[in-house]
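K.L.:
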Amino acid sequence: MRSALSSIMRDDQSAVLHAKIDLLRGYVRKAKKMARIAEGSPYLRRLDDNWQLKNFKGLPMLQVALLYTATAAVFLALDAIGIRFLIRPVFERNVGHLLADPLRLGPAALFYLGYIAGLVWLVSWPALKGNDPLQALIGGMVIGLMCYGTYEMTNYATLADWSWEQVIIDGLWGMLLTGFSAWIGVLALSGRFN
């Protein structure tokens with residue numbers, strides 16, 4: 395009885411194993427077919443046995459999307475902390491009567507989406523292609539000081555209650571935040587961030 399049961403179990407295990415092997419062979423055939431199709435595609439290119447999406451100019455879109463995501467994650471996390479503990483107290487002291495309560499999230503989200511896209515396009519992507527994270531740090535700091543400085547100096551020039559404290563603190567914060575976010579994003583994708 396035991397030998398008959400063992401024989402049935404072996405046969406069942408063998409059948410399951412053969413079914414799995416056949417399934418894997420089918421996947422391999424499909425993968426080979428997809429690779430043949432992809433060879434002629436203007437939207438894909440092969441890099442070290444990995445397929446990457448690219449746009450019409452050959453830009454690896456997956457890599458850009460990952461760079462954007464890494465940069466945005468750092469930027470948003472740090473800015474949430476900075477706004478809460480550094481920027482908001484200064485603004486409440488000087489122009490508290492002008493602050494929206496609650497915060498208008500729509501315009502803030504549009505700013506973050508566009509600002510980080512510009513940062514990646516102008517600073518992070520060239521630094522990643524050149525394998526130079528320091529270029530991302532310096533370029534990000536320059537962009538941050540220019541953008542946040544423009545906002546602060548325009549407000550200082552046009553709003554009576556705007557203070558030099560706001561100009562200096564928010565301008566320096568924007569410079570450091572933007573530079574650090576670009577730097578970490580490039581480090582993460584270049585493989586230097588261990």
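My numbering numbers the first residue of the sequence shown as 395 and each following residue consecutively. Heads up, the beta-carbon is just placed ideally off N, CA and C, and yes, glycines get one too. Quick caveat: nothing in here was measured; it's all calculated off a predicted structure.
Establish whether the CB of V514 and some CB of chain E are separated by less than 8 angstroms.
P.N.:
The displayed structure is made up of one protein chain only, and chain E is not part of it.
K.L.:
Using a Cβ-Cβ cutoff of less than 6 angstroms, which residues in the same chain neighbour G533 once the five nearest sequence positions on both sides are dropped?
P.N.:
Counting only Cβ-Cβ distances below 6 angstroms, and skipping sequence neighbours, we find V517.
K.L.:
Can you tell me whether W577 sits near the ligand MN, meaning its C-beta is under 7 angstroms from at least one heavy atom of the ligand?
P.N.:
What this structure holds is no ligand at all, so the ligand MN is not there to describe.
K.L.:
Just how far apart, CA to CA, sit A466 and A494?
P.N.:
Those two C-alpha atoms are separated by around 24 angstroms.
K.L.:
Would you report the Cα separation of L504 and G490, rounded to the nearest angstrom?
P.N.:
Approximately 23 angstroms between the Cα atoms of the pair.
K.L.:
Using only CA atoms, which one of E546, F469, V561 and W577 lies nearest to I510?
P.N.:
Of the listed residues, the one whose Cα sits closest to I510 is F469.
K.L.:
Could you tell me how far apart the beta carbons of P527 and L581 are, in whole angstroms, since I believe they sit closer than 8 angstroms?
P.N.:
With 8 angstroms as the limit, P527 and L581 qualify as a contact, their Cβ atoms being about 5 angstroms apart.
K.L.:
Roughly how many angstroms separate the alpha carbons of D555 and E486, rounded to a whole number?
P.N.:
C-alpha separation (whole angstroms): 11 angstroms.
K.L.:
On the criterion of 16 or more Cβ atoms from any shown chain inside 10 Å, does A471 qualify as buried, or is it exposed?
P.N.:
Exposed is the call here.
K.L.:
In three-state DSSP terms, what is P496?
P.N.:
In this structure, P496 counts as coil in the three-state DSSP scheme.
K.L.:
For W515, count neighbouring C-beta atoms within 10 Å of its own C-beta (all shown protein chains included) and say buried if the count is 16 or more, exposed if not.
P.N.:
W515 comes out exposed.
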